[in-house]
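Taken in sequence, the protein lines are chains C and Y.
Each residue of the first sequence is one higher than the last, beginning at 1 in my numbering.
Each residue of the second sequence is one higher than the last, beginning at 1 in my numbering.
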Amino acid sequence: MATTLDQVFAQTKAENRAALIAYIPAGFPTIEGCKKAIKALVDGGVDAIEIGFPYSDPVMDGPIIQAAAEQSLAHGTGAADVFSALKCATDAGVAAVVMTYWNPIERYGVDEFAKSIADNGGSGVITPDLTIEESDRWIAATNNNGISPIYVVAPSTNDSRLGKVTDHCSGFIYAASLMGVTGTRTSISSGASDLVARIRKVSELPIAVGLGVSNHVQAREVAGYADGVIVGSAFIKCLLEADTEEDGLRAITELAQDLAKGVREGR
Amino acid sequence: MTTSESTILGHFGQYGGRFVPEALIGALEELEAAHISALKDPIFQAELAQLHQTYTGRPSILTEAKRFAEYAGGARILLKREDLNHTGSHKINNVLGQALLTKRMGKKRIIAETGAGQHGVASATAAALMGLECVVYMGEEDTRRQSLNVARMKILGAEVVPVTTGSRTLKDAINEAMRDWVTNVETTHYLLGTVAGPHPFPTMVRDFHKIIGQEAKIQVQELVGRLPDAVLACVGGGSNAIGIFHDFIADASVRLIGLEAGGDGVETGRHAATITGGTAGVLHGTRSYVLQDENGQTVESHSISAGLDYPGVGPEHAYLHDIGRAEYRAITDAQAMHAFSLLSKTEGIIPAIETAHALAGAIQVGNELGPDAVLLLNLSGRGDKDVQTAAEYFGIKL
């Protein structure tokens with residue numbers, strides 16, 4: 001069964017462009033502010049949204065997402081808020097997934113978590129610290145609930161392992177553009193296009209590139225070879241640096257518009 | 001008898017495994033291969049043994065604590081003196097092993113996390129000895145509590161990075177070290193200091209520490225002519241405990257007792273007794289017991305001992321607990337500090353505050369078992385680094 005996300009990638013492929021995927025942590029800057037940010041992203045033209053489950057020990061994240069997670073957790077964001085943000089995104093008409101470290105899923109209940117994703121219109125879950133060797137229960141749960149398990153691969157992932165990891169994946173493959181944590185970078189490493197080329201040899205799934213993309217030029221560059229462009233820290237920065245929430249939301253929409261142009265100019 | 005030998009992919013029952021970004025898998029596989037080949041390589045083993053003999057000061061001696069025993073039901077209390085190792089704790093056993101592996105893998109830079117500073121000092125020492133670059137991540141709160149060790153690391157040529165995120169303690173230092181590792185994995189080995197983290201760390205770190213139990217088993221039998229009734233050790237991440245427990249796991253008559261940091265008391269919620277007061281979960285790349293809330297967020301731990309102030313624990317301990325082979329008890333700050341003072345005054349040995357938790361456990365267990373009992377205790381570290389904390393605690397003016 002095709003998810004909303006599958007439909008998005010089918011459509012962007014038909015339009016010969018990359019999809020623009022935004023990341024925002026649930027409960028950031030506040031529970032209600034997050035929902036406004038989701039609307040601002042949708043207004044700006046993003047195709048899909050990743051709702052982050054803020055976590056106390058985000059070892060894959062750089063200072064910007066760490067700060068957002070800390071702010072969100074400070075007012076008690078929990079699973080219910082993640083699902084309500086997810087619903088807010090899907091209600092707004094975009095495809096949406098959740099991105100979370102593994103422990104909150106295990107704590108919530110593996111089957112229950114997958115079911116709640118589906119119940120709230122979500123298309124899948126990105127699990128950056130779940131290895132395929134530890135995935136049996138999760139793969140069963142996502143299958144049972146018709147959602148996509150989405151894994152992150154890195155430039156250091158060798159070809160034989162790329163094959164194994166992508167075999168476990170559906171929806172899309174998250175290609176980390178570099179060896180490092182999330183955050184804005186001045187340039188996108190050449191490792192990203194090499195990695196995408198290596199994934200193409202082992203998988204037909206759409207490939208989205210994340211880590212470090214923050215502006216129009218980078219989005220255009222990545223859209224030249226990838227099926228999706230993922231932007232997180234740059235959006236969060238809009239909210240962290242704005243004087244008022246309104247300013248921040250406006251900046252989000254403007255950045256999304258700019259990036260949306262970029263993903264249409266790559267080919 | 002069930003043993004706790006790790007099976008496929010470093011699992012101990014339902015615990016252990018690998019929960020890490022894909023970016024680290026290559027490095028973990030490389031490390032696992034290096035560890036396995038080193039285990040079978042007589043040249044590597046001889047080099048490590050030579051270092052232990054001429055640098056660490058192994059074998060560490062066994063000291064009977066006769067005056068202390070009067071406060072522990074008259075049981076015979078035998079202290080395995082890891083505090084006399086070079087750098088003052090058991091940590092050097094693992095550090096020298098991993099530093100040799102670092103060279104074997106052709107890497108030039110090590111990073112390490114540290115709580116009390118013992119592992120950081122040991123890492124900085126090994127880096128100096130072997131000509132490796134060394135960066136130590138340490139929670140800002142711990143750099144204050146353990147300023148002497150910060151100075152030691154700097155004197156040894158290491159860079160110490162104070163970590164200002166989260167609770168600013170050991171947990172956050174590990175987060176920051178993992179971020180560094182993800183970024184610099186090609187040139188850098190993460191010299192993890194305890195039996196936690198993703199496979200192969202729990203197995204590998206244990207293998208480098210099990211010499212403690214192997215030596216002690218022979219020494220105890222030479223001294224008393226039989227196996228001890230119980231083996232005691234403090235448990236934060238659990239490296240010194242696994243080190244002394246491991247050779248006794250197959251000896252069903254020997255009780256294995258881990259003493260966790262009870263802080264203000266487990267019932268107050270302000271503690272670091274992960275097995276006693278935690279639940280199964282995933283933290284820092286491994287499934288084990290974790291102090292966590294209903295959303296799976298790690299809860300901050302509390303202990304007077306920086307080295308035990310960690311909301312996770314090694315997966316092999318979780319397994320030994322679940323199968324009933326080892327027992328774990330919580331010792332409060334107050335009980336630990338009482339034992340700290342008692343050992344100092346009765347034996348002339350100032351223990352690390354971490355180790356004092358095990359000593360408080362020995363007082364309990366000795367009183368339970370009485371004068372016929374023989375207790376083996378891992379005196380895992382010396383207390384020089386804790387003099388300031390102890391002085392503050394006991395109101396001694398500096």
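Virtual Cβ for every residue (Gly too), placed ideally from N, Cα, C.
All of these numbers come straight from a predicted model, not from anything done at the bench.
The beta strand (DSSP E) enclosing residue i, as first and last residue numbers
i, result
"residue 112 of chain Y", "109-114"
"residue 24 of chain C", "19-25"
"residue 377 of chain Y", "374-378"
"residue 419 of chain Y", "Outside the modelled stretch of chain Y, which goes from 1 to 398, sits residue 419 of chain Y, for which no answer is possible."
"residue 210 of chain C", "207-210"
"residue 124 of chain C", "124-126"
"residue 150 of chain C", "148-150"
"residue 176 of chain C", "173-176"
"residue 268 of chain C", "The question about residue 268 of chain C has no answer, for chain C in this structure spans 1 to 267."
"residue 64 of chain Y", "62-64"
"residue 319 of chain Y", "Here residue 319 of chain Y belongs to no beta strand (DSSP E); instead the alpha helix (DSSP H) covers 315-322."
"residue 139 of chain Y", "133-139"
Proximity to residue i [Cα-Cα], best of the options
i, options, result
"residue 306 of chain Y", "Y:206, Y:167, Y:252", "Y:167"
"residue 297 of chain Y", "C:54, C:24, C:10", "C:54"
"residue 186 of chain Y", "Y:278, Y:25, Y:359", "Y:25"
"residue 75 of chain C", "C:219, C:31, C:260, C:165", "C:31"
"residue 372 of chain Y", "Y:37, Y:69, Y:10, Y:32", "Y:69"
"residue 64 of chain Y", "Y:377, Y:391, Y:389, Y:316", "Y:377"
"residue 178 of chain Y", "Y:60, Y:392, Y:19, Y:321", "Y:19"
"residue 228 of chain Y", "Y:76, Y:47, Y:277, Y:11", "Y:76"
"residue 148 of chain Y", "Y:121, Y:134, Y:171", "Y:121"
"residue 208 of chain C", "C:139, C:151, C:45, C:65", "C:151"
"residue 385 of chain Y", "Y:109, Y:78, Y:152, Y:246", "Y:152"
"residue 293 of chain Y", "Y:208, Y:311, Y:304", "Y:311"
Spatial neighbours of residue i in its chain, beta-carbon cut-off 6 Å, leaving aside the 5 residues before and after
i, result
"residue 241 of chain Y", "233, 235, 258"
"residue 15 of chain Y", "287, 288, 315, 318, 319"
"residue 268 of chain C", "Nothing about residue 268 of chain C can be read from this structure; chain C reaches only from 1 to 267."
"residue 166 of chain C", "173, 202, 203"
"residue 7 of chain Y", "Because residue 7 of chain Y carries a pLDDT of 49, less than 50, the predicted location of this residue cannot be relied on, and the following value inherits that uncertainty. Taken in chain order, the list of residues that qualify is empty."
"residue 185 of chain C", "212"
"residue 262 of chain Y", "271, 273, 330, 331, 332"
Residue(s) in a DSSP beta bridge with residue i
i, result
"residue 261 of chain Y", "Y:272, Y:331"
"residue 89 of chain Y", "Y:381"
"residue 141 of chain C", "According to DSSP, which records beta bridges pairwise, residue 141 of chain C is partnered with nothing at all."
"residue 11 of chain Y", "Y:16"
"residue 189 of chain Y", "Y:110"
"residue 351 of chain Y", "Y:382"
Residue i classed as buried or exposed, judged by whether at least 16 other C-beta atoms fall within 10 angstroms
i, result
"residue 94 of chain Y", "buried"
"residue 354 of chain Y", "buried"
"residue 267 of chain C", "exposed"
"residue 63 of chain C", "exposed"
"residue 394 of chain Y", "exposed"
"residue 21 of chain Y", "buried"
"residue 72 of chain C", "buried"
"residue 175 of chain Y", "buried"
"residue 260 of chain Y", "buried"
"residue 39 of chain Y", "exposed"
"residue 197 of chain C", "exposed"
"residue 103 of chain C", "buried"
"residue 218 of chain C", "buried"
"residue 187 of chain C", "exposed"
"residue 221 of chain Y", "exposed"
"residue 58 of chain Y", "buried"
"residue 190 of chain C", "exposed"
"residue 370 of chain Y", "exposed"
"residue 106 of chain C", "buried"
Cβ-based neighbour list, residue i, same chain, cut-off 8 Å, excluding 5 preceding and 5 following
i, result
"residue 125 of chain Y", "86, 87, 92, 95, 156"
"residue 5 of chain Y", "The predicted position of residue 5 of chain Y is uncertain, since its pLDDT is 47 and thus under 50; no value can be drawn from it."
"residue 2 of chain Y", "Here residue 2 of chain Y scores only 38 on pLDDT, less than 50, and its place in the model should not be relied on; the value that follows carries that caveat. Here the set comprises 323, 325."
"residue 105 of chain Y", "30, 31, 34, 189"
Any C-beta of chain B under 8 Å from that of residue i
i, result
"residue 181 of chain C", "Looking at the structure shown, chain B is missing, and the protein chains on hand are C and Y."
Same chain only: Cβ atoms within 7 Å of residue i, ignoring 5 sequence neighbours per side
i, result
"residue 43 of chain C", "253"
"residue 164 of chain Y", "140"
"residue 38 of chain C", "24, 49, 85, 88, 89, 92"
"residue 108 of chain C", "79"
Where the alpha helix (DSSP H) through residue i begins and ends
i, result
"residue 230 of chain C", "That residue, residue 230 of chain C, is in no alpha helix (DSSP H); its beta strand (DSSP E) goes 228-231."
"residue 88 of chain C", "79-91"
"residue 48 of chain Y", "42-51"
"residue 263 of chain C", "245-265"
"residue 34 of chain C", "31-44"
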